[in-house]
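Residue numbers (the working numbering), protein chains in the order written: chain A, 1 to 213; chain B, 1 to 213.
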């Protein structure tokens with residue numbers, strides 16, 4: 001299949017050779033699909049919806065994505081990057097209880113600014129897609145792993161630095177904190193107020209504090 | 001509109017007069033729709049799907065439910081009752097930390113027996129439907145309130161009995177515990193193992209324990 005865009009450059013990390021313009025078109029398709037799926041769900045977003053909103057042809061969509069499933073998997077990866085981007089500076093420096101709380105405050109602030117509409121992009125995709133097929137579920141496992149890893153690493157550093165006692169099970173604590181954030185995001189989305197998310201993260205971080213040295 | 005079933009009895013608590021046979025038909029439609037929507041999502045379940053699986057006619061479905069939205073709202077109420085039914089004896093007797101843990105173990109056991117497939121029926125409906133319309137969101141608020149109330153009442157009794165200190169904010173603790181369960185259920189569903197749910201509930205109950213008198 002030939003590229004619908006000119007000036008072929010270096011091959012993309014994965015997939016067919018792609019031009020710089022092609023990369024921009026592909027990115028626009030993914031970004032547009034992500035926005036539509038965030039607002040209307042994956043089932044509520046058709047390929048023609050994406051074409052129209054991204055101002056591309058059907059052949060352009062199918063050039064970059066074999067089918068809707070391919071596009072959805074690209075959207076999962078995109079939403080993980082987007083979600084983590086705003087948290088990354090803090091996620092990479094989780095070395096104290098105050099740093100954990102500062103990260104939690106950023107997650108809450110994002111919801112506050114959105115009036116809690118839409119909830120968690122990753123959590124919503126997970127809930128809708130987890131039972132659809134094993135490949136999709138594997139992508140969702142990877143998405144949550146990617147989010148959990150820096151939390152776990154932060155807790156591990158805190159344990160190494162003696163902020164947490166050696167007995168602190170950082171794997172379990174990281175999972176518990178991510179679960180609290182996910183559940184808090186869902187309850188906050190349903191109730192349209194950040195208090196559930198605040199209560200959930202305060203409790204999870206408060207529990208981590210019981211392992212403070 | 002006349003009932004498609006004979007022998008009219010007392011009016012139902014809400015909606016039109018309904019016969020005993022009609023009540024059974026209506027219940028079968030809701031139960032069947034709930035099962036299909038649990039497996040395939042609300043968007044993935046059509047009224048003809050429900051008709052076929054419940055062995056009823058279109059006119060029967062539309063006799064009891066004006067449209068799909070009415071049916072979905074009945075499914076939300078049904079799933080809350082179903083979810084709480086298995087937990088109710090323990091939910092009604094949350095008067096100690098051990099009782100909290102026993103309730104958590106029941107929630108985990110349900111997932112264990114299902115190999116974590118399907119996740120939380122209420123959480124899945126919430127995630128899919130919360131942004132669809134205000135009436136649906138109000139039903140979901142009511143669903144989570146109905147689940148949270150006995151947890152909060154249990155914690156309140158624990159505080160009254162002196163199991164928890166007077167400073168324990170039972171509203172926030174109940175919300176945090178429900179959020180932990182919701183987030184834990186989602187991560188367990190994605191990862192197909194109960195450990196995330198265990199970690200999340202252990203953390204939330206462990207945090208409540210920091211308010212033990």
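The beta carbon of each residue, even a glycine, is placed where N, CA and C say it ideally should be.
In summary, the residues of the stretch 148-177 of chain A whose CB is separated from some CB of chain B by less than 9 Å are 148, 169, 171, 172, 173, 174, 175, 176 and 177, in the order they occur in the chain. Within the model, the alpha-carbon separation for residue 72(A) versus residue 195(B) is close to 27 Å. The bridge partners DSSP lists for residue 125(A) come to none. Counting only the Cα atoms, residue 203(A) lies some 10 Å from residue 200(B). Spanning the alpha carbons of residue 101(B) and residue 197(B) requires a straight line of approximately 12 Å. For residue 201(B), the enclosing alpha helix (DSSP H) begins and ends at 195-209. Cβ contact annotation for residue 110(A) (same chain, cutoff 8 Å, sequence separation greater than five): 86, in chain order. Per DSSP, the unbroken beta strand (DSSP E) holding residue 17(B) starts and ends at 17-19. Under the DSSP assignment, residue 83(A) falls in the alpha helix (DSSP H) whose first and last residues are 68-91. The C-alpha of residue 167(B) lies about 27 Å from the C-alpha of residue 106(A). Beyond the five residues adjoining it in sequence on each side, residue 153(A) comes within less than 8 Å, by CB distance, of 94 in the same chain, given in chain order. For residue 191(B), the closest Cβ of chain A is nearer than 9 Å.
For residue 107(B), the enclosing alpha helix (DSSP H) stretches over residues 97-113.
Rounded to the nearest whole angstrom, the C-alpha separation of residue 144(B) and residue 176(A) is 20 Å. Contact annotation for residue 196(B) against chain A: 175 and 179 [CB-CB distance below 7 Å, chain order].
The beta-carbon of residue 137(B) is placed less than 9 Å from the nearest beta-carbon of chain A. Sequence-ordered contacts of the stretch 65-95 of chain A with chain B are nonexistent [C-beta pairs closer than 7 Å]. Going by C-alpha positions, residue 47(B) is about 49 Å away from residue 155(A).
In this structure, DSSP gives residue 179(B) a helical state, which the three-state scheme calls helix. For residue 35(A), no CB of chain B lies under 9 Å from its own CB, so it is not counted at the interface with that chain. Interface flag for residue 202(B) against chain A is set, since a Cβ pair is found closer than 9 Å.
Assigned with DSSP and collapsed to three states, residue 94(A) falls in coil, not helix or strand. Rounded to whole angstroms, the separation of the alpha carbons of residue 30(B) and residue 67(B) is 13 Å.
In this structure residue 184(B) is not in contact with residue 207(A), their Cβ atoms being roughly 13 Å apart against a cut-off of 8 Å. Here residue 212(A) carries a strand assignment [DSSP, helix/strand/coil]. Under the 10 Å beta carbon count, residue 120(A) is surrounded by 16 or more other beta carbons and is classified as buried. Beta-bridge annotation (DSSP): residue 164(B) is paired with 212(B). Cβ-Cβ separation between residue 60(B) and residue 25(B): approximately 6 Å, consistent with a contact (criterion under 8 Å). If you check each beta-carbon in the stretch 97-123 of chain A against every beta-carbon of chain B, the ones closer than 8 Å belong to 117, 118, 119 and 123. In terms of Cβ geometry, residue 128(A) and residue 131(B) do not form a close pair [threshold 9 Å]. Between residue 208(A) and chain B, the shortest Cβ-Cβ separation is below 9 Å. In this model, residue 38(B) and residue 172(A) are separated by some 29 Å (Cα to Cα).
A distance of 9 Å or more separates the beta carbons of residue 41(A) and residue 186(B).
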